[in-house]
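Those protein sequences? They're chains V and H, same order as listed. Going by the working numbering, the letters in the first sequence line up with residues 18 to 611, in that order. Going by the working numbering, the letters in the second sequence line up with residues 4 to 371, in that order.
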Amino acid sequence: MNVGKQAGPLRFRSAQAGRAPAQTGNAGPSARPAGRRRNTGPAVLLGCAAALCLPAWASAAQPEADTALQRVRAAEDDRVEVFERAARSVVCIFADRERRGGGSGVIIDERGYGLTNFHVVDSLLESRQGYGGLSDGKLYPLTVLGIDAGGDVAMFKISGKKRFEAAPLGDSDDLHVGQWVAAMGNPFLVAEDFYPTITFGVISGLRRYQEGRGNLLEYADCIQVSTSINPGNSGGPLFNLDGEVIGINGRASFEERGRVNVGLGYAISVNQIKRFLPWLRAGQFVEHGTLGATVRAINPGGDDGRVIVDAIQAFSAAEQAGLELGDEILSVAGRRIRTPNDFNNILAIMPQGWPVRIEYARDGESRATVARLDRLVLPTRLTYIPNLDHNHAELRALLAALRERWGLGASQENQALTWTGALTVADSDVLPIRWSSLDATLDFKRQQQRTAETEAAPASQGNAGVSPARAMAGEWRILTEPLVSDPPLTVDWEYAGGDESAGRIAAVIERRLDDGRRVRWKLDYDTAELLEVEFAGNDENVTVTWRPGELAEFAAGRWPATWLRNAGASQGALAVESFERAAPTTAPAMEREP
Amino acid sequence: MTRSRDRHREAARRRACAAARGARGAALLLGIASLLSAFGAQADGGRDVAPRGSAAFDAIAAAQQRVVKLYGGALGREHGYGSGVIVSPDGRIVTTLSVLLETPALRVVLPDGRRLPARVVRRDERRQLALLEIDAEDLPAFTLDTSEHLRPGDWVIAASNAFKVASGPEPVSITVGGFAGRTQLAARRRAQEFAYGGEALLTDIIVSAPGSAGGALVDLDGRLVGVIGKPVISRRTHTWVNYAVPVEQVRAFLESDSTSPAAALLPGASAPPVDGRQRLLDLGVRLFDVGGQVRLAYVERVRAGSAARRAGLRVDDLILAVNGEPVETCQEVFARIGAVSPDEPVELLVKRGGDALPIDIVPEDAPQ
Chain V
18 MNVGKQAGPL RFRSAQAGRA PAQTGNAGPS ARPAGRRRNT GPAVLLGCAA
68 ALCLPAWASA AQPEADTALQ RVRAAEDDRV EVFERAARSV VCIFADRERR
118 GGGSGVIIDE RGYGLTNFHV VDSLLESRQG YGGLSDGKLY PLTVLGIDAG
168 GDVAMFKISG KKRFEAAPLG DSDDLHVGQW VAAMGNPFLV AEDFYPTITF
218 GVISGLRRYQ EGRGNLLEYA DCIQVSTSIN PGNSGGPLFN LDGEVIGING
268 RASFEERGRV NVGLGYAISV NQIKRFLPWL RAGQFVEHGT LGATVRAINP
318 GGDDGRVIVD AIQAFSAAEQ AGLELGDEIL SVAGRRIRTP NDFNNILAIM
368 PQGWPVRIEY ARDGESRATV ARLDRLVLPT RLTYIPNLDH NHAELRALLA
418 ALRERWGLGA SQENQALTWT GALTVADSDV LPIRWSSLDA TLDFKRQQQR
468 TAETEAAPAS QGNAGVSPAR AMAGEWRILT EPLVSDPPLT VDWEYAGGDE
518 SAGRIAAVIE RRLDDGRRVR WKLDYDTAEL LEVEFAGNDE NVTVTWRPGE
568 LAEFAAGRWP ATWLRNAGAS QGALAVESFE RAAPTTAPAM EREP
Chain H
4 MTRSRDRHRE AARRRACAAA RGARGAALLL GIASLLSAFG AQADGGRDVA
54 PRGSAAFDAI AAAQQRVVKL YGGALGREHG YGSGVIVSPD GRIVTTLSVL
104 LETPALRVVL PDGRRLPARV VRRDERRQLA LLEIDAEDLP AFTLDTSEHL
154 RPGDWVIAAS NAFKVASGPE PVSITVGGFA GRTQLAARRR AQEFAYGGEA
204 LLTDIIVSAP GSAGGALVDL DGRLVGVIGK PVISRRTHTW VNYAVPVEQV
254 RAFLESDSTS PAAALLPGAS APPVDGRQRL LDLGVRLFDV GGQVRLAYVE
304 RVRAGSAARR AGLRVDDLIL AVNGEPVETC QEVFARIGAV SPDEPVELLV
354 KRGGDALPID IVPEDAPQ
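Structure (structure tokens):
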């Protein structure tokens, strides 16, 4: 079966744009009513009820219908309001000022970060520059940031205003077939004033799978909608009735009916995109993950819904996680697996390196393991060179948020922290792995002793002239650099992408040392809360992780507990006991039931 | 017979009046309000998305449990997949006639994912329906009742295996839209005519996608109101018609004991066109059916003593409509007449000079 033909990408091609003016000739910028209220302007179509019987609307108000009428109108007013607000976040994307190329996008952060389809911006990858029209009728320059070619997602940053209207992201795991949804964008490029076209419909199916080309533009676990999705809608948002983005519209089934809507459109679910956001934000080229194993139904065509592992690649994530042939897969990432499709669907929405919990049964016994997914190689040679300036700007913004959480204040960016005492890292006894290249064991206490003993005689182990104590300080400094640097960080650090920690999506910043060691800080993507610090020694297989909740039990090492704040001339102590103990991770007390 | 004609007239009258009369709007409004609340877009702002368990969501779930996916033979542009509705707990399934059935390897995939071989046990060339059987028990099944309660503007839900996007136990696709009205199909299936001349339920849901045919059209209570018809292209606009065969026709098909042979059609063959030309001759009418591509339906001859003569039809009358449906060419007249069963009256509208005259031809053996 030729699925590529069934469901094609929806970028509006320039060649077609050439034929479009016949349709759009009369729709000048003035075509949009100035004050849109009910029954005027396009938004009224949102009341899809209204679309069916609009002529009867005004004259039909018989007394017994008043209540119903009022309810319908009140609901419609609210809906119109929600989508008027949502429309301000929608972007009409063009390749140049002549408005060639074309697609849609949505702003998800008031600084101008937005989402679209990869296939909308793939022609811009060389210059990274494009244009975005907003509902205010103006055209703004935009820059392409990170891309996820496998999942057909790209991030851009639109500029030219200090603050943009951003749409909130919803939860695409909380959707139901039959629920109303609205798509916005610029189908057939009719919006000459950039006010997006809104189409309304219902969710027709969930967790659908639409094959890509090779591993490119694959739509796994996607949302199927009856909402009209036409060429030019690509990259635009799918909204729920709260005005939250629940997906990015990207393709539709066509086949034989021309490139127009036939009632089956597909949106990439926003929960998939959330996992890729850290990479996209950092301007990275992000690839999807693979387990390196396949499954088959035990009883094909049956209804028992049991699948077993029938192939495992050598050295793959599946092998390293301990899976064996014949294991029955029960769940992946918390989702029950009943068919090979279920299995493929859930894995195809995970980024490379993502930790995935797998529950399986072997010899009648239930087990669980966590696999770090391998990279799924794309069948393409995309030359994508990340922009380091942008990367560092993102990293600084992320750390500014973290420092603000720690009471350092974003406005005092040059504040630095040091831990108390020259080397008296509170309670830190041992750095638990071969972290240092200076000392094979690096027993902190022993070093302290030795320093005291030999006093003036500097240690000579490969680093003459530097006392072990001082070397230790340098080592510690590397680990804690995101907080102690002044100004924050050197160019050695990089915004490396994303990860999952304690079920939350984390942004990862990373420093790699020349000798192969690596430090990673993982911060909550939304709140910048520090989730964990992970460091890996020369020996690749050993990593050690500090997590806030686990400090007490973590015998081998402690995070410095007491820090000093150096702000200009003033100095003050700052207790950062266990990373974030002071920060509420659950609901604040005042919200508890009385 | 006369009852169905009356209903047809009533429907036509309703269609004509609906646009002009505001009174119907009130009823529609109530319907809309009920749907909005059924789907959770309430008056409190439409923010409270979807109270689950409400009627419309129940209807969707019920429909998905009663629609099966069909996989069979493909031929040229005919797709090897489609939909069917379960009409009895012991595995009787109704679908539309198509090439897909013409294979010994016909398979049904039940909503729970079971994949079972199916047999075609009966065909109805006129309604273009087929009855399948599978070996299964205790299936959730549709009750075949009525579609009479549907009014234009009512909400309907379509459930089908469109574009076969759902596989195995995945639920079939759901779309929601309005019931638009009833009509008869003056239509072509690609290039090939078929004879179904009964009522069709029209909807604004796109149900003409590949694989949709044989799927369910249900109301907000989850009751089956129609079976999605096979793809039909409008002769005038060259667009696909979105229609369903009413549940009454499905019931009549199942209840009819005139079991047509279950022998397979030749692949690609459609229903043999009922010979409207011959039937017209039986009524005593010959049309001036010679000349170019478009042959207007002028009467060439009216046989003396025939039903047509008794009804007052004359030579050189131009036939404008058959049973309320406008016609332009001889071919269309034949198709229309062919769809009317031989003992039913034929209601013509003819142009004679400057007048448009109704002519009701009653067959000789028809009840007077």
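Cβ atoms here follow ideal geometry from the backbone N, Cα and C, with glycine treated the same way.
Residue range of the alpha helix (DSSP H) that includes H:R280: 279-286
Stretch pair the stretch 70-80 of chain H + the stretch 148-157 of chain H: three plus CB contacts closer than 8 Å: no
Same chain, Cβ closer than 7 Å to H:P345, five either side skipped, listed in chain order: R282, P366
Beta carbon proximity, H:I35 to chain V, threshold 9 Å: Residue placement at H:I35 is poorly supported in this model, since its pLDDT is 49, which falls under 50; the coordinates are not used for a value here.
Nearest candidate by alpha-carbon position, reference V:R96, set V:F173, V:I215, V:S140: V:I215
H:T178, buried or exposed, once every other Cβ within 10 Å from all chains shown has been counted against 16: buried
Inter-residue Cα distance where the pair is V:P46 and V:D153: A caution first: V:P46 carries a pLDDT of 35, below 50, which makes its placement in the model too unreliable to give a value.
Through-space distance from V:L500 to V:A590, alpha-carbon basis: The predicted model places V:A590 with a pLDDT of 46, which falls under 50 and marks its position as unreliable; any figure quoted below should be read in that light. The alpha-carbon atoms of V:A590 and V:L500 are separated by roughly 14 Å.
Residues of the stretch 325-359 of chain V with Cβ closer than 8 Å to any Cβ of chain H, in chain order: R355, T356, N358
Alpha-carbon spacing of V:R224 relative to H:Q334, whole angstroms: 48 Å
First through last residue of the beta strand (DSSP E) which encompasses V:N266: 262-270
Limits of the alpha helix (DSSP H) - the one that H:I340 falls within: 333-342
Integer Cβ distance of V:R422 from V:A334, believed to fall under 8 Å: Not a contact, Cβ separation roughly 33 Å.
DSSP beta-bridge partners of H:P361: H:L352
Interface residues of chain H facing V:V279 [CB-CB closer than 7 Å]: I209, A212
Candidates V:G122, V:E115, V:A417, V:T400, of which the one nearest V:A103 by Cα: V:G122
Segments of 3+ residues assigned as beta strand (DSSP E) that fall wholly inside the stretch 96-149 of chain H: 110-112, 118-120, 122-127, 132-136
Complete runs of the beta strand (DSSP E) confined to the stretch 312-342 of chain V [at least 3 residues]: 324-329
Terminal residues of the beta strand (DSSP E) in which H:V159 lies: 158-163
Touching by the beta-carbon criterion (3+ pairs, under 8 Å), the stretch 368-383 of chain V and the stretch 402-410 of chain V: no
H:V179: contacting residues in chain V (beta-carbon distance under 8 Å): G195, G218, V219, S243
Chain-order list of residues whose beta-carbon lies under 7 Å from that of H:D115 (same chain, five-residue window excluded): P172
H:Q67 at chain V interface by Cβ criterion, 9 Å: yes
Spatial neighbours of V:R537 in its chain, beta-carbon cut-off 6 Å, leaving aside the 5 residues before and after: V525, E527, E551
Meets three-Cβ-pair contact criterion under 8 Å: the stretch 155-165 of chain H and the stretch 199-213 of chain H: yes
9 Å Cβ cutoff, H:I89 in contact with chain V: no
CB contact below 9 Å: H:K354 versus chain V: no
C-beta atoms of V:V312 and V:I354 nearer than 9 Å: yes
Alpha carbon of V:I402 to alpha carbon of H:D61, nearest angstrom: 51 Å
Closest residue to V:I164 among V:N250, V:R116, V:R292, V:A414 (Cα-Cα distance): V:R292
Cross-chain neighbours of H:I63 in chain V, by beta carbon under 8 Å: V194, G195
Burial state of V:N316 (16 or more Cβ within 10 Å): exposed
Bridge partner(s) assigned by DSSP for V:F173: V:G131, V:V161
Beta strand (DSSP E) runs contained entirely in the stretch 512-543 of chain V, provided each spans 3 or more residues: 521-529, 535-541
Interface residues of chain H facing V:G306 [CB-CB closer than 7 Å]: Within chain H, no residue comes near V:G306; the closest Cβ sits about 23 Å away, beyond 7 Å.
Residue span of the beta strand (DSSP E) that contains V:A284, given as start and end: 282-286
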